[in-house]
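In my numbering, the protein residues as written are 36 to 374.
Backbone N, C-alpha and C define an ideal beta-carbon position, used for all residues, glycine too.
Shown next, in structure tokens, is the structure this report addresses.
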């Protein structure tokens, strides 16, 4: 969106999402129109690393398919009322049915589609096979898919154009970021960002990593007790997340496109563990090729047995192959072209 506005400041951007408004306020320095809307369910998780497959399918069936008539009516009124001329989706199937029925262009941007993600779920719960067909039918209504690298099967889309990585590269110096986090210039410890997609690991874990006193951790977890090796991030201390990625010597995370792309763009190493997500299967070879990465077994991650892994990781040599990260500009120009 930033690149789109930089190319054409006359564009009016309406954001319809269930994501918090503050996320956009921190990252978009221009005027936009935000309204809360649930048009997708994503994946329901039991905890930071475990998926709830059945509940995900149940929720999609109830909230999206079961209410589709009302959702379409609401959104078509929104499109007409606000003079919307193009819809970009990442990547709710409903968006493209809306665009089709409203007679406007519908552009998809993503590295995965929900029929691909949900397919293994449905194999274990065959009564929801109809959801996959409904999702594919909506995706087929998109005018074009701008497909990102590290992608899964996206054959439901009729027209596909591959674009480079869309990634946010920080323009703030590491020193400025650490200063605002009250990290002194004489700090010798390695700075490690804990990133688990907005769902933090169990609180007991944080007590177990007190033994890693020679490392300084950044976390958004709400902890009652202060720790000498933990900085609690309050609303990210006015920084965008990619600024925190740049300020860190390492990110400990579960693999997701957003965090992987930002680590690659800012050349911040990744320590990761395995997850049940299908996206893991395409992101794993990506980080092995384009990022400096290290695998920590899930049992070690959750038990707080980090020190040996961290010591070993920081004793390795880094490698950073070149990869294009100008996907945002290419996508923005394609959007303007379609408008």
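State the start and end residues of the unbroken alpha helix (DSSP H) segment that holds residue i.
{"i": "residue 371", "result": "362 to 373"}
{"i": "residue 134", "result": "128 to 137"}
{"i": "residue 77", "result": "Here residue 77 belongs to no alpha helix (DSSP H), and DSSP marks it neither H nor E."}
{"i": "residue 119", "result": "Premise fails: residue 119 is in no alpha helix (DSSP H) and is neither H nor E."}
{"i": "residue 153", "result": "149 to 159"}
{"i": "residue 63", "result": "Careful: residue 63 lies outside any alpha helix (DSSP H) and carries neither H nor E."}
{"i": "residue 89", "result": "88 to 95"}
Nearest-angstrom Cα distance between residue i and residue j?
{"i": "residue 346", "j": "residue 269", "result": "28 Å"}
{"i": "residue 356", "j": "residue 40", "result": "30 Å"}
{"i": "residue 294", "j": "residue 113", "result": "32 Å"}
{"i": "residue 186", "j": "residue 221", "result": "42 Å"}
{"i": "residue 206", "j": "residue 365", "result": "20 Å"}
{"i": "residue 290", "j": "residue 211", "result": "27 Å"}
{"i": "residue 360", "j": "residue 255", "result": "27 Å"}
{"i": "residue 121", "j": "residue 140", "result": "5 Å"}
{"i": "residue 348", "j": "residue 160", "result": "40 Å"}
{"i": "residue 99", "j": "residue 70", "result": "18 Å"}
{"i": "residue 288", "j": "residue 306", "result": "6 Å"}
{"i": "residue 199", "j": "residue 298", "result": "15 Å"}
{"i": "residue 313", "j": "residue 328", "result": "19 Å"}
{"i": "residue 145", "j": "residue 110", "result": "22 Å"}
{"i": "residue 193", "j": "residue 47", "result": "28 Å"}
Among the residues of its own chain, which have a CB less than 6 Å from the CB of residue i, if the five just before and after it don't count?
{"i": "residue 143", "result": "124, 126, 177, 180"}
{"i": "residue 228", "result": "253, 279, 283, 286"}
{"i": "residue 308", "result": "331, 333, 336"}
Since residue i is in the beta strand (DSSP E), which residue starts that stretch and which ends it?
{"i": "residue 358", "result": "Per DSSP, residue 358 belongs to no beta strand (DSSP E) and is neither H nor E."}
{"i": "residue 51", "result": "49 to 52"}
{"i": "residue 143", "result": "140 to 145"}
Excluding the five sequence neighbours on either side, which residues of its own chain have a C-beta within less than 8 Å of the C-beta of residue i, listed in chain order?
{"i": "residue 60", "result": "none"}
{"i": "residue 43", "result": "371"}
Excluding five sequence neighbours on each side, which residues of the same chain lie with their C-beta closer than 7 Å to the C-beta of residue i?
{"i": "residue 87", "result": "79, 80, 81"}
Which runs of the alpha helix (DSSP H) fall wholly inside the stretch 223 to 307 and span at least 4 residues, in chain order? 238 to 243, 276 to 282, 292 to 301
Indicate whether the contact test is met: 3 or more Cβ pairs, each with one atom in the stretch 99 to 107 and one in the stretch 151 to 159, closer than 8 Å. no
Ordered list of beta strand (DSSP E) runs contained in the stretch 302 to 357, each at least 3 residues: 305 to 308, 328 to 330
What are the complete alpha helix (DSSP H) segments, minimum 4 residues, inside the stretch 194 to 221? 209 to 215
Considering only residues of the stretch 167 to 198, which uninterrupted beta strand (DSSP E) runs meet the minimum length of 3 residues and lie entirely inside it, listed in chain order? 179 to 182, 195 to 197
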